[in-house]
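Novice: Just so you know, the protein sequences line up as chains A and B, in that order. Note that my numbering has the first sequence beginning at 13, numbered continuously upward. Note that my numbering has the second sequence beginning at 23, numbered continuously upward.
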Amino acid sequence: DTGVSQDPRHKITKRGQNVTFRCDPISEHNRLYWYRQTLGQGPEFLTYFQNEAQLEKSRLLSDRFSAERPKGSFSTLEIQRTEQGDSAMYLCASSSGTAGNEKLFFGSGTQLSVL
Amino acid sequence: DQQVKQNSPSLSVQEGRISILNCDYTNSMFDYFLWYKKYPAEGPTFLISISSIKDKNEDGRFTVFLNKSAKHLSLHIVPSQPGDSAVYFCAASALTGTASKLTFGTGTRLQVTL
Numbered sequence: 013d014t015g016v017s018q019d020p021r022h023k024i025t026k027r028g029q030n031v032t033f034r035c036d037p038i039s040e041h042n043r044l045y046w047y048r049q050t051l052g053q054g055p056e057f058l059t060y061f062q063n064e065a066q067l068e069k070s071r072l073l074s075d076r077f078s079a080e081r082p083k084g085s086f087s088t089l090e091i092q093r094t095e096q097g098d099s100a101m102y103l104c105a106s107s108s109g110t111a112g113n114e115k116l117f118f119g120s121g122t123q124l125s126v127l
Numbered sequence: 023d024q025q026v027k028q029n030s031p032s033l034s035v036q037e038g039r040i041s042i043l044n045c046d047y048t049n050s051m052f053d054y055f056l057w058y059k060k061y062p063a064e065g066p067t068f069l070i071s072i073s074s075i076k077d078k079n080e081d082g083r084f085t086v087f088l089n090k091s092a093k094h095l096s097l098h099i100v101p102s103q104p105g106d107s108a109v110y111f112c113a114a115s116a117l118t119g120t121a122s123k124l125t126f127g128t129g130t131r132l133q134v135t136l
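#1: 8 Å is my cut-off, CB to CB: does T128 (chain B) come that close to chain A?
#2: For G119 (chain A), decide whether its Cβ has a neighbour in chain B, counting only Cβ atoms nearer than 8 Å.
#3: Using a Cβ-Cβ cut-off of less than 7 Å, list which residues of the region 22-42 of chain A approach chain C; keep chain order.
#4: Could you name the residues that DSSP lists as bridge partners for S41 (chain B)?
#5: Can you name the residues of chain A whose CB is closer than 8 Å to the CB of P101 (chain B)?
#6: Suppose you measure from the CA of F86 (chain A) to the CA of D75 (chain A); what does that come to, to the nearest Å?
#7: Using 8 Å as the Cβ pair cut-off and three pairs as the minimum, do the region 47-61 of chain B and the region 29-39 of chain B touch?
#8: Which of the residues in the region 62-87 of chain B, read from start to end, lie with their CB under 9 Å from any CB of chain A?
#9: What does DSSP give as the partner residues of L124 (chain A) in its beta bridges?
#10: Please report the residue range of the beta strand (DSSP E) in which I75 (chain B) lies.
#11: Strictly under 8 Å for the Cβ-Cβ distance: is L124 (chain B) near chain A by that measure?
#12: Name the chain B residues that come within less than 7 Å of Q53 (chain A), Cβ to Cβ?
#13: For S102 (chain B), which of B:N44, B:L95, B:L132 has the nearest alpha-carbon?
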């Protein structure tokens with residue numbers, strides 16, 4: 013399977029704990045995105061990488077959130093001191109091609125539940 | 023401020039008939055539009071896209087129409103099949119820097135009945 017892979021699929025944690033998610037994009041894709049989706053809403057943009065450089069962060073991404081993409085390959089998203097409001101589906105997507113008319117390919121997401 | 027709106031949360035259509043899903047947007051900077059399909063517990067899957075220089079794009083059973091003056095687009099599925107039952111998201115993009123930051127609507131749940 014050469015699609016976008018996310019791990020874990022599900023994560024249950026207690027409030028105040030730190031969690032880390034991993035995303036492996038399609039290998040030839042140089043752009044990688046993180047989105048968050050809550051119940052009844054569409055996915056919301058969090059941040060994106062062009063190769064290893066993080067080029068934009070949404071105001072939704074508080075200082076408790078940090079994302080990395082070392083060597084421009086896989087990416088991690090860490091949430092420190094989780095809060096119940098962080099409960100959501102975290103989606104990773106990758107793409108290539110011309111910016112502005114590219115297609116994003118999404119992984120299956122990590123469903124986070126903060127108790 | 024919902025810049026992309028899908029006002030119908032659900033739609034039920036008989037198998038073989040046409041499904042029409044609608045989407046409205048408010049940001050005139052959007053110039054590229056996409057439809058994604060999502061099954062439960064899976065990520066969104068790309069379906070079809072259209073650039074603002076076109077008013078129609080067709081791919082098999084799926085056609086997307088864009089009316090820029092009305093800031094409205096629609097997805098037509100003909101004929102509808104039971105496997106089309108899913109949540110459909112409309113998304114819009116305005117080039118920012120070097121990436122396509124997508125703004126999604128809230129989705130329309132399509133149910134195709136036998």
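Ideal Cβ positions, reconstructed from N, Cα and C, are used throughout, including at glycine. The model shown is predicted, which means the values in this text are computed figures rather than measured ones.
Specialist: In this structure, then:
#1: yes
#2: yes
#3: Protein chains in the displayed structure are A and B, and chain C is not among them.
#4: Listed as beta-bridge partners of S41 (chain B) by DSSP are B:I99.
#5: Going along chain A, no residue has its Cβ under 8 Å from P101 (chain B), so there is no contact; the nearest lies around 25 Å.
#6: 21 Å
#7: no
#8: A63, E64, G65, P66, T67, F68, S71, S73
#9: A:K23, A:A100
#10: Element bounds for I75 (chain B): n/a, residue is neither H nor E.
#11: Nearest CB-CB separation between L124 (chain B) and chain A: below the 8 Å threshold.
#12: Those within 7 Å of Q53 (chain A) in chain B are T128.
#13: Per the Cα distances, B:L132.
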